[in-house]
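Here the sequence shown is numbered in our numbering, starting from 23 and rising by one per residue.
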Amino acid sequence: MPGRLFLFAVFVCLCATACARPYAAHLPAVPWTPGATQSVTTKTLAFSYQTATNRNLNGIRGSAAILPTAVPPGATRYERIVLKVYVRDDTGRVLDTYTLPCLPRPVSEPIGFELLLDIPSDADRETYYLSFGYSLVLKGDDPDSPSVIRQEDAGF
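As structure tokens, this is what we get:
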């Protein structure tokens, strides 16, 4: 019996180690291309952005907009919206993550963002990718309404 308990403990540790590595291979991705205007569409949000490189600084400036087909009837505003940007390699391994909490707003209003990224110094020899995730809660017209019309997390 102690041997089985030991094997179970080893199995749990291996599972925890495997889960501890962040991967974003399941998210849509676009190669990092300095100076390019790019876009990524997820199930619910469309991200459009411009990349920029200035000396050793890399950044993106853009916006996220909810897809019209993703807005359920009665949903008029984001009660909560958090965007996530991932810098990853070609295997999906996450090299860096940026979390952007946003203020509540109408779903008709695009969400602007601007941030500096830690793109590795060998970016001219290797291909890096950007992926986007989000967490959102949509509510109706009445700001005091306790009912959530839609809650969704993708890439969190």
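Note that CB positions come from ideal geometry on N, CA and C, so glycine has one too.
From a predicted model like this one, the values you see are computed outputs, not experimental measurements.
message: Starting from Ser169, trace the beta strand (DSSP E) in both directions and tell me its first and last residue.
response: As a position in the sequence shown, residue 169 is number 147, starting the count at 1. Where Ser169 is concerned, there is no enclosing beta strand (DSSP E), given that its DSSP letter is neither H nor E.
message: What would DSSP say about Thr59, mapped onto helix, strand or coil?
response: Translated into positions along the sequence shown, residue 59 becomes position 37. Strand at Thr59.
task: Can you grab the Cα-Cα spacing for the pair Gly84 / Pro53, in whole Å?
output: Looking up residue 84 in the sequence shown gives position 62. Looking up residue 53 in the sequence shown gives position 31. Answer to the nearest angstrom: the Cα atoms are 16 angstroms apart.
message: Given this structure, state the Cα-to-Cα distance separating Thr113 from Thr73, to the nearest angstrom.
response: Taking the sequence shown and counting its residues from 1, one reaches residue 113 at position 91. Taking the sequence shown and counting its residues from 1, one reaches residue 73 at position 51. Thr113 and Thr73: Cα-Cα distance of roughly 22 angstroms.
task: Please name the residue, chosen from Val116, Val107, Gly162, Asp118, that lies closest to Leu67 on a Cα-to-Cα basis.
output: Here residue 67 is taken as the residue at index 45 of the sequence shown, counted from 1. The shortest C-alpha separation from Leu67 is found at Val107.
field: Pro123 - containing beta strand (DSSP E), residue span
entry: Position 101 of the sequence shown, counted from the first residue, corresponds to residue 123. 116-124 is the span of the beta strand (DSSP E), which, as asked, contains Pro123.
- prompt: Looking only at DSSP bridge pairs, what is Glu136 linked to?
  reply: For the purposes of this step, residue 136 is taken as residue 114 along the sequence shown, with counting starting at 1. For Glu136, which the question treats as bridged, DSSP gives the partners Arg83.
query: Taking just the CA atoms, how far does Asp140 sit from Asn80?
result: Position 58 of the sequence shown holds residue 80. Position 118 of the sequence shown holds residue 140. Those two C-alpha atoms are separated by around 7 angstroms.
message: Can you tell me whether Ala74 is helix, strand or coil according to DSSP?
response: Position 52 of the sequence shown, counted from the first residue, corresponds to residue 74. Ala74: strand per DSSP, three-state reduction.
- prompt: Ordered along the chain, which non-local residues of its own chain (more than five positions away) have a Cβ less than 7 angstroms from that of Asn69?
  reply: Working through the sequence shown from its first residue, we reach residue 69 at position 47. Residue 69 is actually Phe in this sequence, not Asn. So the list reads Ser61, Val62, Gly84, Ala86, Phe154, once near-sequence residues are dropped.
- request: Tell me whether the beta-carbon of Thr149 lies closer than 9 angstroms to the beta-carbon of Asp111.
  value: On the sequence shown, residue 149 is found 127 positions in, with the first residue counted as 1. On the sequence shown, residue 111 is found 89 positions in, with the first residue counted as 1. Yes, Cβ-Cβ distance for Thr149 and Asp111 is below 9 angstroms.
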